[in-house]
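In order, the protein sequences belong to chains A and B.
Per our numbering, the very first residue in the first sequence carries number 17; after that it's consecutive.
Per our numbering, the very first residue in the second sequence carries number 4; after that it's consecutive.
Positions of the beta carbon are idealized from the N, C-alpha and C atoms, including for glycine.
These numbers come from a predicted model, not from an experiment.
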Amino acid sequence: QKEVEQDPGPLSVPEGAIVSLNCTYSNSAFQYFMWYRQYSRKGPELLMYTYSSGNKEDGRFTAQVDKSSKYISLFIRDSQPSDSATYLCAMSPYSGGYQKVTFGTGTKLQVIP
Amino acid sequence: GAVVSQHPSWVICKSGTSVKIECRSLDFQATTMFWYRQFPKQSLMLMATSNEGSKATYEQGVEKDKFLINHASLTLSTLTVTSAHPEDSSFYICSATGTSGRLDTQYFGPGTRLTVL
Numbered sequence: 017q018k019e020v021e022q023d024p025g026p027l028s029v030p031e032g033a034i035v036s037l038n039c040t041y042s043n044s045a046f047q048y049f050m051w052y053r054q055y056s057r058k059g060p061e062l063l064m065y066t067y068s069s070g071n072k073e074d075g076r077f078t079a080q081v082d083k084s085s086k087y088i089s090l091f092i093r094d095s096q097p098s099d100s101a102t103y104l105c106a107m108s109p110y111s112g113g114y115q116k117v118t119f120g121t122g123t124k125l126q127v128i129p
Numbered sequence: 004g005a006v007v008s009q010h011p012s013w014v015i016c017k018s019g020t021s022v023k024i025e026c027r028s029l030d031f032q033a034t035t036m037f038w039y040r041q042f043p044k045q046s047l048m049l050m051a052t053s054n055e056g057s058k059a060t061y062e063q064g065v066e067k068d069k070f071l072i073n074h075a076s077l078t079l080s081t082l083t084v085t086s087a088h089p090e091d092s093s094f095y096i097c098s099a100t101g102t103s104g105r106l107d108t109q110y111f112g113p114g115t116r117l118t119v120l
C-alpha cells in the first residue's frame, strides 16, 4: 500500500464548476500537508499548506484536512481554464525543520471553457 | 520570493556522454536542495538530498556514481548524469528549502527535460 494515494484522473469539469481533489494517506505521523499545482513540463508550484485538521481558505482555493480519517481535500471554486493542471498533494511528519516529503501521484484537471 | 531556477530547461545528448544540470536559488539561501525525477503520469521520485558543503544523501536504488550531486554554495547545486543512457531520459526537477518562506516547504525549479539518444 502506498503511503499516499491520489486518483490520477483525468478530471474534466466545465468552467465555473466547483472542483474537489482528494488524497488519502496511511502514515499517522504526517502532520504537514501541502498542495502543489504543476503545469505541463513545468516544476510544481506550492498552492497551500496546513498543519491542522479543518479548513484553510485562500481565494478560490480551500484546503481541508481530516486527520481522523487520514483524508485531505483541495476545493477550487469558480474553476477557470487556467486552473487546468496536475495537482499534487504532499505531506510530511513535521517536527521542526526539514522532513522528507511524500507526494501523491497527482490528479490531472481539465477545465473546459 | 523563493524563486528557484534550473538550467538548461531541456537537453538532448548522445548515449555515453555526461550532462550537468544546474539548480539555483535566486533570492534566498538554500540550506537544503533536493533532486527529483519524474516520469510521465508518475509522481516525483526523490533521488537525493544535499546540504551545502556536505555529501549528498541518496535514496535507495539511486546510483551515486551515476548521478553526481554537488552543493557547492548556498545558492547552487548541480546534478551531473554521467555516461547517460536512453533509460536516463526523464524530467529532472530540483527544489530547495532555506531562508525564505517556510523552512519546511520546498520550492521547485521549472525542471529540466533530458533526452538521451
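Chain-ordered, the chain A residues with CB closer than 7 Å to the CB of Lys-44/B read Pro-24. Cβ proximity to chain A below 8 Å picks out nothing from the stretch 54-80 of chain B. Secondary structure note for Tyr-87/A: its beta strand (DSSP E) is the uninterrupted segment 87-92. Of all residues in the stretch 47-63 of chain A, the ones placed with a Cβ closer than 8 Å to any Cβ belonging to chain B are Tyr-48, Met-50, Tyr-52, Arg-57, Lys-58, Gly-59, Pro-60, Glu-61, Leu-62, in chain order.
Counting along the chain, the unbroken beta strand (DSSP E) around Lys-124/A starts and ends at 123-128. Here Asp-94/A is exposed: its Cβ has fewer than 16 other Cβ atoms, across all protein chains shown, within 10 Å. Assignment of Asp-74/A by DSSP, reduced to helix, strand and coil, places it in the strand class. Within chain B, no C-beta atom comes nearer than 8 Å to that of Thr-40/A; the closest sits roughly 15 Å away. Going by C-alpha positions, Ile-72/B is about 18 Å away from His-88/B. Collapsing the DSSP output to three states places Asp-99/A in a helix. Shortest Cα-Cα distance from Thr-20/B to any of Asp-91/B, Ala-33/B, Cys-26/B involves Asp-91/B. Residue range 70-76 is occupied by the beta strand (DSSP E) that includes Ile-72/B. Inclusion of Ser-98/B and Gly-112/B in the CB contact set at 8 Å is warranted, their separation being smaller than that value. At least 8 Å separates the CB of Leu-29/B from every CB of chain A. Cβ contact annotation for Val-14/B (same chain, cutoff 6 Å, sequence separation greater than five): Val-22, Leu-117, in chain order.
CA-CA distance, Phe-91/A to Thr-81/B, rounds to 37 Å.
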